[in-house]
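K.L.:
Can you keep this structure in mind? I'll have questions shortly.
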Amino acid sequence: MRFFRFVAFAIGWAVAIVAVAWAFGALYFDFPRIGALAAILFVVILLAAIIFVRGQLLKLAIALGASAIVAGWWLTLKPSNDRAWQPDVSQTGWAEINGDEVTIHNVRNCDYRTDTDFTQHWETRTVRLSQITGMDVAINYWGSPWISHPIVSFQFSDGLPLCFSIETRKTIGQKYSALDGLYRQYTLIYVVADERDVIRLRTNYRREDVYLYRTLASPAQARERFLEYIKTMNILHEHPRWYNEVTANCTTSIRT
124 MRFFRFVAFA IGWAVAIVAV AWAFGALYFD FPRIGALAAI LFVVILLAAI IFVRGQLLKL
184 AIALGASAIV AGWWLTLKPS NDRAWQPDVS QTGWAEINGD EVTIHNVRNC DYRTDTDFTQ
244 HWETRTVRLS QITGMDVAIN YWGSPWISHP IVSFQFSDGL PLCFSIETRK TIGQKYSALD
304 GLYRQYTLIY VVADERDVIR LRTNYRREDV YLYRTLASPA QARERFLEYI KTMNILHEHP
364 RWYNEVTANC TTSIRT
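Residue 216 in my numbering sits at position 93 of the sequence shown, with consecutive numbering throughout.
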């Protein structure tokens, strides 16, 4: 009996430690203005409570309860489209569907001199669903062979390819961090772009490796995927969502 009780408490404390560590990060990264102070105070008060109360079960309940309170606050944080965004994600795409025709607004097609020096171009394009012939998937490797970024490119018989790249929408001064991505630091954006923008940016200016694969998707399957991207892009244009490194990132959100 003691053994099972020991195992139960060991599992409970393992969960509590993870929960407290996550709560510390949530306060540190997402609490407005005084995040570092709030995170430190959280840990100090929690440790004091655990030290001075008696009983392992009560200590465990305090740790889990405090973390749950932080989680409850964290879930109230709402994303916004109204912020000072970096130029490459300053606009969100949206589309209008009229029968066979789809008019897409804010298609990115920038003129790059370097990866950070470019002239913005946001275009409106009209495509026909009946002219979609297939879809390609580009896999972009950057920084590590274990880190990649997928881009889906739709092919048209009567026009240029159109790409969708699911990315973090960063404000001016923000840099990407996997740790930040675990919290509510970035919003999710579906960048709709000319293939010469979103792929050439990575190959010619960032000097990253990109591998382009032709899929076996039929035109009908490609049209279905295309409309799924359009639907989600329109939703994000009106109702922004948080990016999350684990649950809502460039890979878990992809549709192929």
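Where is the CB? At the ideal position from N, CA and C, for every residue including glycine. This one's a predicted model, so the numbers in the text were calculated from it and none came from an experiment.
Excluding the 5 residues preceding and the 5 following R346 in the sequence, name in chain order all residues of the same chain whose CB lies nearer than 6 Å to its CB.
P.N.:
Around R346: L252, I255.
K.L.:
Taking 6 Å as the limit between beta carbons, can you name the residues of its chain near T326, skipping five residues before and five after?
P.N.:
V333.
K.L.:
Please report how far the alpha carbon of I262 lies from the alpha carbon of A316, in whole angstroms.
P.N.:
Looking at the two C-alpha atoms, the distance is approximately 16 Å.
K.L.:
Using C-beta distances below 6 Å, list every residue in its chain close to V225, excluding the 5 sequence neighbours before and after it, in chain order.
P.N.:
Hits under 6 Å: A218, V250.
K.L.:
Which same chain residues, not among the five before or five after K73, have their C-beta less than 8 Å away from its C-beta?
P.N.:
Outside the displayed range of the chain (124 to 379) lies residue 73, so it cannot be described from this structure.
K.L.:
Could you pull the start and end residues of the beta strand (DSSP E) that H360 belongs to?
P.N.:
Per DSSP, H360 belongs to no beta strand (DSSP E); it is in the alpha helix (DSSP H), 342 to 361.
K.L.:
Helix, strand or coil, according to DSSP, for R337 in the structure here?
P.N.:
Three-state result, R337: strand.
K.L.:
What residue range does the beta strand (DSSP E) around Q278 cover?
P.N.:
Per DSSP, Q278 belongs to the beta strand (DSSP E) from 271 to 279.
K.L.:
Does P284 come out as helix, strand or coil in the three-state DSSP assignment?
P.N.:
Three-state result, P284: strand.
K.L.:
DSSP three-state label for T370, please.
P.N.:
Three-state DSSP puts T370 in coil, outside helix and strand.
K.L.:
Report yes if the CB atom of L183 is closer than 8 Å to the CB atom of A142, and no otherwise.
P.N.:
No; because the gap between Cβ atoms is not below 8 Å, this pair is not in contact.
K.L.:
Evaluate D259 with the Cβ neighbour count: other Cβ atoms within 10 Å of its Cβ, from every protein chain shown; 16 or more gives buried, anything less gives exposed.
P.N.:
Counting Cβ neighbours within 10 Å, D259 comes out buried, since at least 16 surround it.
K.L.:
Would you check if the distance between the CB atom of A149 and the CB atom of W197 is smaller than 8 Å?
P.N.:
It is a contact, given that the beta carbons lie within the stated cut-off.
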